[in-house]
Structures are given as C-alpha cells and as structure tokens.
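In what follows, a single structure is set out as structure tokens and then discussed.
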Amino acid sequence: MWSIPLIAGVAFFSVYLFKSVKTYLELRDFGGPWSAGWTRLWLLRCHLSGSINTQFTEVNDKYGSTARVAPKMLVTSDPELVRRMNAVRSSFTRGPWYTSLKLHPESENIACYTNEDKHNDMRSRMSHGYSGKENVHLEQDIDDLILQMLDLIEKEYVAKPEEGLLRRMDLARVTSYFTLDIISKVAFGEPFGFLKANDDPFGYAANMKQFLPAIGWFGVYHELTNILRIPFIKASLPGSMDKRGLGRVMGFARERVLERFGDEAIVRQDMLNSFIKNGLTQLELEGETMLQITAGSDSTASALRITAHFISTSPPILERLLTEAKEAIAAGRVSRPIIKNSEALQLPYLQACIKEGLRVYPPITGMLAKMVPKGGAKIDVDGVEKYAPSGTQIAWNSWGLMRNKEIFGLDADIFRPERWLASEGTEEMQNHMLRMNETLSLVFGYGRFGCLGKVVANMELNKALIEVCADAFREGKLTNNSSFCYASTSNHVTLKNLLRSGVLGFTFTTI
Ligand code: HEM
C-alpha cells in the first residue's frame with residue numbers, strides 16, 4: 144500500500160545522491176572544507192557570520208589561491224584570475240549570485256543584471272553620469288557637505304577640556320550620514336538631511352541592518368529570489384509608500400525622479416539628468432536610485448571610517464599627515480575652505496593613507512561571483528592546472544587579495560602607509576610597486592564590472608580625510624589643547640572584529 148511513496152522516496156533520494164556525487168566529483172581537484180563540497184550550508188553560515196573576509200582568507204591560505212566553498216562555488220584570492228574573469232573580452236559572465244542585489248520590488252538595477260547585453264547597454268548609458276562628465280556640480284556638492292560635516296563636528300563633538308567638556312563622536316554614524324547625504328545630493332540634487340538632523344530621519348540604518356542578511360541568503364540560495372514574486376511576500380517588502388526605513392528612502396528617491404518629468408520638470412545637471420538624457424525610463428531610474436544609495440554610501444563610509452580610525456590611533460602617522468597638510472596650506476598649495484580634488488592628488492602621504500585604508504579593509508567583501516563559461520575553464524592554482532566545469536561560480540576574496548604577503552610584504556596585515564611611498568629605486572622595486580598598485584585597484588572591481596562610482600568615492604576620500612584632520616588646526620576653531628574624541632560603534636560587517644576587541648573610543652588629535 145505504501146510502496147508507491149516508498150519507491151518515489153527512494154527514487155528521489157537516488158537522484159539527489161547521484162547529482163550530489165556528480166557535483167562533488169566535478170570540482171574534486173579543488174581543496175576546501177569537506178562539507179562545502181556537499182552542501183551550501185557552510186557558505187551560508189560563513190556569509191551570515193559577519194566574518195566572511197577572514198573565513199575566506201583562511202580557506203585560501205589553507206587550500207590554495209582558488210578553493211571550494213560550496214558544491215558549485217569556488218573562491219579566489221588570485222589577482223590574475225580576478226582580472227581574467229572581469230576583462231572586457233572575457234567569456235566569464237556574472238553568476239546567479241548577482242540576482243541577490245535586486246533592491247527594488249519592481250525594477251532591476253545595473254548591479255543585478257545577469258544578462259550581459261542588458262548590463263553592457265545600461266553601463267554605456269550610465270557611465271557619463273557617474274564619471275562626473277555630465278555632472279557639473281559634483282565637486283561643489285561634495286565641498287558643501289564637508290563643510291556641513293565639519294560644522295556638525297565642531298558644534299556637537301569637539302572636546303573642550305579647558306571647559307571640562309569631553310564628548311565622544313560615533314565615527315561610524317557621522318561618516319554614514321555624510322556619504323548618504325552626498326550620494327543623494329550628487330545623484331538627484333537634494334541631500335537626505337542626515338547631517339542636518341544629526342540623526343537617521345528615515346530609520347534607514349536600522350532597516351538596512353535587518354535587510355542585509357537577506358543578501359546572504361539570496362546570494363547562497365539564489366533560487367529563493369523566486370519567492371519574492373509571491374504576492375503576500377512582495378507586499379511585505381519595503382515600498383515607496385512606507386513612512387520609515389528603506390521604503391521611505393525609496394519614496395524620497397521616487398519623488399526626486401518624478402520631479403524630473405511632466406510639464407514643470409526640474410532640470411539640473413546631475414546624475415539623474417544624465418541618465419534621463421541617455422534614455423532610462425522612470426521605472427529604471429527608480430531601481431537605479433536605490434542602487435546608488437546603497438552602493439554609494441556604506442562602501443565609502445567604511446573606507447572613511449576605517450582610514451580615519453587607523454590614522455588617528457597611530458600618532459606618528461597622524462603627525463606625518465598633518466605636517467604634510469600644514470606645509471601644503473602654508474605654501475598655498477591647498478585651497479581653502481576645502482581642498483580641491485586635484486590638489487589632494489598631489490599630497491603623497493595623504494594618497495598613501497587612502498590606499499592603505501582601502502587595502503587593509505576593502506569595503507566590498509561580498510562574493511561578486513562570476514560564472515565559468517560554456518566549455519569550462521582551466522584554472523591555475525599556485526602553479527597546478529585544475530579544471531572548473533561550465534556553470535561553476537567563482538567568488539572573489541577581496542580581503543585575501545589585499546593582504547597577500549607576496550605582493551604587499553610580510554607586514555601586509557599592518558596599516559603602514561609608507562609601503563606606498565618608495566617609488567624610486569631599482570627596476571625590480573618599481574615593478575613591485577606597480578604590482579601593488581595593480582592589485583589594489585581591484586578593490587573597485589575591474590574591466591567591464593568595475594565600479595562606476597569610483598570618481599565620486601575617490602573625491603570624497605581625497606577631500607574628507609584631510610579636511611577632517613586639517614580641521615583640527617583650522618584658524619580659530621581649535622586651541623592647542625583641544626582634541627576630538629571619536630568612538631566607533633559601527634555594525635558594518637568588516638568592523639565587527641574591532642567591536643569585539645573593544646577598540647571603541649580614541650582621541651583624535653592634539654595639536
Ligand atoms: C570606496 C568606495 C567604493 C568601493 C570600494 C566600491 C567598489 C565596487 C565594487 C568592488 C564593485 C563591483 C564590481 C563587480 O561586480 O565585480 C562596484 C560596483 C558598483 N559601484 Fe562601487 N564602490 C565604491 C563606491 C561607490 C560609489 C560612491 C558609487 C556611486 C556613486 C558606486 C557605484 C557603483 C555601481 C553603480 C556599481 C555597479 C557597476 C556595474 O554593474 O557595472 N560605488 N563598486
């Protein structure tokens with residue numbers, strides 16, 4: 144009587160077993176944690192742990208520069224392979240992992256298209272807006288918000304020991320407010336108002352904290368993205384009519400998009416205008432504005448806060464940076480009140496600090512998995528050729544890439560800006576520096592998938608870091624005994640270890 148369900152069960156289990164063994168054997172040449180060859184649970188646990196960066200690095204250190212982290216997923220810390228997969232003429236494509244980056248219930252965005260033609264088309268239509276070529280206010284907009292951030296720091300956080308006033312600043316929050324206001328200002332002409340309120344008026348940060356683990360689930364079990372089509376689940380997602388959270392931010396973005404259409408359309412030479420000029424529809428624009436906000440804020444805020452953290456907790460580094468800034472200001476090589484981007488590029492120690500901050504804590508540690516094309520691919524793993532069949536996804540291990548001791552030296556785990564300064568010397572030393580620079584540039588992705596917001600991010604870093612430091616000795620602002628006290632309480636994944644180790648409060652500077 145129950146033999147039919149039994150037979151069906153046995154048949155199902157046999158097919159499952161056969162498939163699992165076949166998949167296991169296909170990538171058996173690659174080392175990796177044993178369970179990762181049979182189930183995606185190892186990867187899910189790693190993704191949700193908040194320490195994907197260190198766990199991937201342990202895997203690559205132990206099992207080779209390209210190793211297995213799920214039945215059909217490899218992870219690589221090999222810069223050559225990352226360049227090969229991302230190159231303009233590469234036959235590798237985006238893997239299904241990218242579908243987890245769909246942030247809008249109705250509309251896709253440039254970061255989640257897995258159709259190569261659609262992605263290329265959108266990229267060519269959006270690159271001018273992102274690059275600043277069609278965004279004449281870019282530098283001025285950033286300057287205005289730096290001044291607003293400095294005002295906020297001065298009013299709320301500068302300590303005045305002579306008055307018995309010692310205040311702590313949550314560096315994580317202020318840097319997030321700053322980058323969120325910048326992205327909304329440069330993208331669609333109006334800052335959200337985080338800095339002005341010195342608060343999260345939309346409840347955005349709290350909502351993102353809830354929302355981000357979903358990217359982990361959907362990235363590992365990409366089939367789950369289909370459940371988002373079920374009406375009652377779709378209805379529970381953030382929407383532009385929400386009063387708070389991500390939905391409210393969506394609503395704000397939607398309002399800015401709507402303002403550009405109709406009889407009384409606002410015309411302003413910014414990113415949004417450039418996208419409209421290049422033919423993006425209203426729905427596409429709504430999807431893209433959501434991506435701009437998420438891709439453009441936490442990444443740069445991470446870079447800012449971690450670099451400020453390392454500079455301000457190392458007195459010799461801080462002193463050297465301030466000396467460089469003071470001398471440049473005295474020599475008239477730095478515009479006031481805010482340094483020009485072109486001037487910041489001429490300050491070698493500042494540039495070295497920025498590079499080192501991006502290197503020791505690469506802001507994007509998510510998988511960005513590319514897919515092996517039809518016919519499979521031969522992969523060189525530390526001098527041994529291995530074969531990955533078509534359909535295998537290969538994630539990047541940005542942390543492992545940036546802490547490669549062979550490329551960056553035995554002290555690669557340490558924040559030491561000086562490593563970027565030795566540009567003279569033998570041909571061998573110059574080649575070494577070239578290799579370091581080429582590897583670091585991968586922090587923004589590469590080739591046809593490279594970051595479109597790199598110009599904006601670099602401009603923010605070039606200006607904000609030095610101005611926050613220079614603010615300490617700006618005329619009339621601080622006395623010789625003044626100091627900033629910063630406290631970092633970020634919950635950003637890459638800062639989790641800092642939080643655990645309790646490095647929370649530190650004095651910024653005393654001039
Ligand atoms: C320090 C800050 C930043 C870092 C380290 C960074 C890094 C990256 C990386 C690694 C990628 C993905 C490459 C891939 O898929 O292989 C990416 C993509 C992207 N980033 Fe950034 N990013 C930063 C800031 C920004 C900013 C400020 C914006 C917006 C103004 C932005 C907009 C984008 C966009 C639109 C894409 C998708 C490009 C595409 O699909 O072709 N990013 N970024």
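In case it helps, our numbering puts the sequence shown at residues 144 to 654.
All C-beta atoms, glycine included, are put in the ideal place defined by N, C-alpha and C.
It should be emphasised that the depicted structure is a prediction, and the values quoted were computed from it without experimental measurement.
- Query: Mapping DSSP to helix, strand and coil, what is Asp523?
  - Reply: strand
- Message: Between Pro506 and the ligand HEM, is there a pair consisting of the residue's CB and a ligand heavy atom that are separated by less than 6 Å?
- Response: yes
- Query: Which two residues bound the contiguous beta strand (DSSP E) that contains Thr209?
  - Reply: 209 to 213
- Answer with buried or exposed for Pro304, where buried requires no fewer than 16 other C-beta atoms within 10 angstroms of its C-beta. exposed
- Query: Should Ile253 be counted as a contact of the ligand HEM given a C-beta to heavy atom distance under 6 Å?
  - Reply: yes
- Which whole-angstrom value describes the C-beta separation of Asp204 and Ala330, a residue pair presumed to lie in contact below a C-beta threshold of 8 Å? Wrong, their Cβ atoms sit about 39 Å apart, outside the cutoff.
- Does any heavy atom of the ligand HEM sit closer than 6 Å to the C-beta of Ala179? no
- Query: If you measure from the CB of Cys594, is any heavy atom of the ligand HEM nearer than 6 Å?
  - Reply: yes
- Would you kindly report the start and end of the unbroken beta strand (DSSP E) that includes Leu109? Limits of the chain in this structure are 144 at one end and 654 at the other, which puts residue 109 out of reach.
- Looking at C-beta atoms only, is the number of pairs between the region 315 to 333 and the region 435 to 449 that lie closer than 8 Å three or more? yes
- Message: Considering just the uninterrupted stretch of the beta strand (DSSP E) at Thr219, what are its terminal residues?
- Response: 216 to 219
- In the region 305 to 361, which residue ranges form an unbroken alpha helix (DSSP H) of at least 4 residues, counting only runs that do not cross its ends? 314 to 331, 337 to 340
- Message: Considering only heavy atoms of the ligand HEM, does any lie closer than 6 Å to the CB of Val503?
- Response: no
- Assign Ala179 to one of three DSSP states: helix, strand, or coil. helix
- Message: Quick check: Leu281 and Gly272, are their CB atoms within less than 7 Å of each other?
- Response: no
- Please look up how many angstroms separate the CB atoms of Tyr159 and Gly180, rounded, as I've assumed it's under 8 Å. Not a contact, Cβ separation roughly 15 Å.
- Query: When the Cβ atoms of the region 238 to 246 are set against those of the region 254 to 263, are three or more pairs found closer than 8 Å?
  - Reply: yes
- Item | Expected contact under 8 Å - CB spacing of Met510 and Ala487 to nearest Å | Contact flag wrong, Cβ pair sits at about 32 Å.
- Task: Would you give the residue range spanned by the beta strand (DSSP E) that Ala538 belongs to?
- Result: 536 to 539
- Query: Do you know how far the Cα of Leu217 is from the Cα of Asp525?
  - Reply: 15 Å
- Task: Starting from Val231, follow its DSSP beta bridges and name the residues at the other end.
- Result: Paired residue(s): none; Val231 is not in a bridge.
- Query: At a cut-off of 6 Å, is Leu511 close to the ligand HEM when judged by its beta-carbon and the heavy atoms of the ligand?
  - Reply: yes
- Message: Spatial neighbours of Arg399 within its chain, please: C-beta separation below 6 Å, excluding the five flanking residues on both sides.
- Response: Phe331
- Query: Would you say Ala607 touches the ligand HEM, meaning its beta carbon is less than 6 Å from a heavy atom?
  - Reply: no
- Given that a residue counts as buried once 16 or more other Cβ atoms are within 10 Å of its Cβ, and exposed if not, what is Ala468? buried
- Message: Between which residues of its own chain and Gln283 is the CB-CB distance below 6 Å, once the five residues before and five after are set aside?
- Response: none
- Name the one or two DSSP bridge partners that Glu528 has. Asp523
- Quick one: is the Cβ of Thr424 within less than 6 Å of any heavy atom of the ligand HEM? no
- Member of Asp313, Gly543, Arg448 whose CA lies at the smallest distance from the CA of Ala607: Arg448
- Task: Let me know the secondary structure DSSP gives Val599 once reduced to three states.
- Result: helix
- Which residues in the same chain as Ala471 place their Cβ atom closer than 7 Å to its Cβ, once the five residues preceding and following it in sequence are excluded? Val477, Leu490
- Report whether the distance from the Cβ of Val524 to the nearest heavy atom of the ligand HEM is below 6 Å. no
- Can you tell me which of the three DSSP states Asn421 falls into? coil
- Item | Among Gly152, Ile497, Lys517, the one whose alpha carbon lies nearest that of Ser86 | For residue 86 there is no data in the structure shown, the boundaries of the chain being 144 and 654.
- Message: What does DSSP give as the partner residue(s) for Met384 in the beta ladder?
- Response: DSSP, once it has assigned bridges, lists no residue as partnering Met384.
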